[in-house]
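Asker:
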Amino acid sequence: THFGFETVKESEKAKKVHEVFENVAQNYDVMNDAMSLGIHRVWKDIFLDRLSPTKNTKLLDVAGGTGDIAFRFLNHVKNSNQEENCHVTVMDINSNMVEVGKIRSEALKFDKSVISWEVGDAECLPFKDNSFNAYTIAFGIRNVTHIDKVLEEAYRVLQPGGRFMCLEFSHLPNSAAQWVYDQYSFQVIPVLGKLIAGQWQPYQYLVESIRKFPDQKNFGSMIESAGFRSVTYENLTLGVVAIHSGFKL
Ligand code: SAM
């Protein structure tokens, strides 16, 4: 019947969409691993250790992509017996990333009640004031248009006592190390991009965006200007990335 035909067609389409999303996810994950030599996984684990979430944590993970931080958060509270009343909201501006994340979340068998997915802009969050007690953004703030707006919005949606944490590429205080890192960045990364993803321009852009992003101290000052207190940072891998932290008091 016509109805039967449509049903088959629609399930085929859903399957195709699913495949496309899976491909995107796989490419994204492969590129992350290739460019950071797999180290991004270690950075993300350390990031969650530093946040060390406890019971009743309502986390907003902004620019959450395909869920790397959210899944680590859920595993962390589970493994440390702190999962009671914990919840994570993953928000990303790209609905494709969110769709991939949902598929990954199902495959990893996370309970739907502890994770929700939203499409939205970090510069204008679709949440009420004081909605969360933790905010994370990992490899997301570097590419936004107005960093100050993102920080202001983070401050707004956090409850008093809430914590802001950011994981982002940064600058190496040791200039010899920075030189070696620059050689790798400007010469190896675009080539890897070409070999693995078939394009070098986006990876050239990536490297340039890392160089343009404010250094640890300047970014820390921006976080303070948004109202956060007890702002600190920690370098990982000689400052290739840094973790910034601040509290809304
Ligand atoms: N946090 C994830 C991780 O660490 O694997 C994803 C990081 S990915 C490099 C950067 C993400 O930022 C992308 O998914 C992109 O869609 C998202 N993004 C870029 N601009 C954004 C904005 N203004 N608001 C929210 N998300 C944004």
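With UniProt numbering, letter number 134 in the sequence shown gets 177, and the count goes up by one each step, no holes.
For glycine and all other residues, C-beta sits at the position ideal for the given N, C-alpha and C.
From a predicted model like this one, the values you see are computed outputs, not experimental measurements.
(1) With a 10 Å radius around its C-beta and 16 neighbouring C-beta atoms as the bar for buried, classify E49 as buried or exposed.
(2) Contact between the stretch 75–86 and the stretch 267–286: three or more CB pairs below 8 Å?
(3) Would the stretch 178–191 count as touching the stretch 100–114 if we require 3 or more Cβ pairs under 8 Å?
(4) Please determine whether the Cβ atom of D111 lies at a distance below 6 Å from any heavy atom of the ligand SAM.
(5) How many angstroms separate the CA atom of S228 from the CA atom of E127?
(6) Could you work out which residue in I232, H287 and C167 is closest to D258 when comparing CA atoms only?
(7) Does the distance from the CB of M134 to the CB of G163 come in under 7 Å?
(8) Would you call S148 buried or exposed, if buried means 16 or more other Cβ atoms sit within 10 Å of its Cβ?
(9) Between the Cα of S264 and those of Y276, K255 and W243, spot the shortest distance and give me the residue it belongs to.
(10) Report the CB separation of Y224 from P233 in whole angstroms; it is logged as a contact under 8 Å.
(11) From the DSSP output, in three-state form, read off V250 for me.
(12) Would you kindly check if the distance between the Cβ of R206 and the Cβ of F290 is under 7 Å?
(13) Enumerated in chain order, which unbroken segments of the beta strand (DSSP E) with a length of 3 residues or greater are wholly contained in the stretch 150–231?
(14) Is I184 near the ligand SAM, going by C-beta to nearest heavy atom under 6 Å?
(15) Which word fits E55, buried or exposed, when buried means at least 16 other C-beta atoms lie within 10 angstroms of its C-beta?
(16) Roughly how many whole angstroms lie between the Cα atoms of R115 and W243?
(17) Based on DSSP bridge pairs, tell me the residues matched to T275.
(18) T280 by DSSP, collapsed to three states: which one?
(19) To the nearest angstrom, how far is the alpha carbon of I253 from that of L238?
(20) Quick check on the burial criterion: 16 or more other C-beta atoms within 10 angstroms. Buried or exposed for P96?
(21) Out of G144, W160 and L151, point me to the one whose CA is closest to H130's CA.
(22) Taking the beta strand (DSSP E) that K98 falls in, what are its first and last residues?
(23) Mark H189 as exposed unless 16 or more other C-beta atoms lie within 10 angstroms of its C-beta, in which case mark it buried.
Answerer: Taking the geometry as given:
(1) For E49, the pLDDT reaches just 47, beneath the cut-off of 50, and the residue's location in the model is therefore unreliable, leaving the point undetermined.
(2) Cβ pair count under 8 Å is three or more, so yes.
(3) Taking a cut-off of 8 Å for Cβ pairs, the stretch 178–191 and the stretch 100–114 touch, as three or more such pairs fall below it.
(4) Yes; taking the cut-off as 6 Å, the Cβ of D111 has a heavy atom of the ligand SAM nearer than that.
(5) When rounded, the distance between both Cα atoms is 42 Å.
(6) When each option's Cα is compared against that of D258, the closest is H287.
(7) Taking 7 Å as the Cβ cut-off, M134 and G163 qualify as a contacting pair.
(8) Buried: at least 16 other Cβ atoms inside 10 Å.
(9) The shortest Cα separation from S264 among Y276, K255 and W243 belongs to Y276.
(10) At roughly 15 Å, the Cβ-Cβ gap does not stay under 8 Å, so Y224 and P233 are not in contact.
(11) In this structure, V250 counts as helix in the three-state DSSP scheme.
(12) A contact, by the Cβ cut-off of 7 Å.
(13) Whole beta strand (DSSP E) segments, 3+ residues: 158–162, 175–181 and 201–212.
(14) No, the Cβ of I184 stays beyond 6 Å of every heavy atom of the ligand SAM.
(15) A residue is called buried when at least 16 other Cβ atoms come within 10 angstroms of its Cβ; E55 does not meet this threshold and is exposed.
(16) Distance from the CA atom of R115 to the CA atom of W243, rounded to whole angstroms, is 30 Å.
(17) Answer is S288.
(18) Taken through DSSP and simplified to helix, strand or coil, T280 comes out as helix.
(19) If I take the Cα positions, the gap works out to 21 Å.
(20) With a threshold of 16 other beta carbon atoms within 10 Å, P96 meets it and is buried.
(21) The candidate whose alpha carbon is nearest that of H130 is W160.
(22) Where K98 is concerned, there is no enclosing beta strand (DSSP E), given that its DSSP letter is neither H nor E.
(23) Counting Cβ neighbours within 10 Å, H189 comes out exposed, since fewer than 16 surround it.
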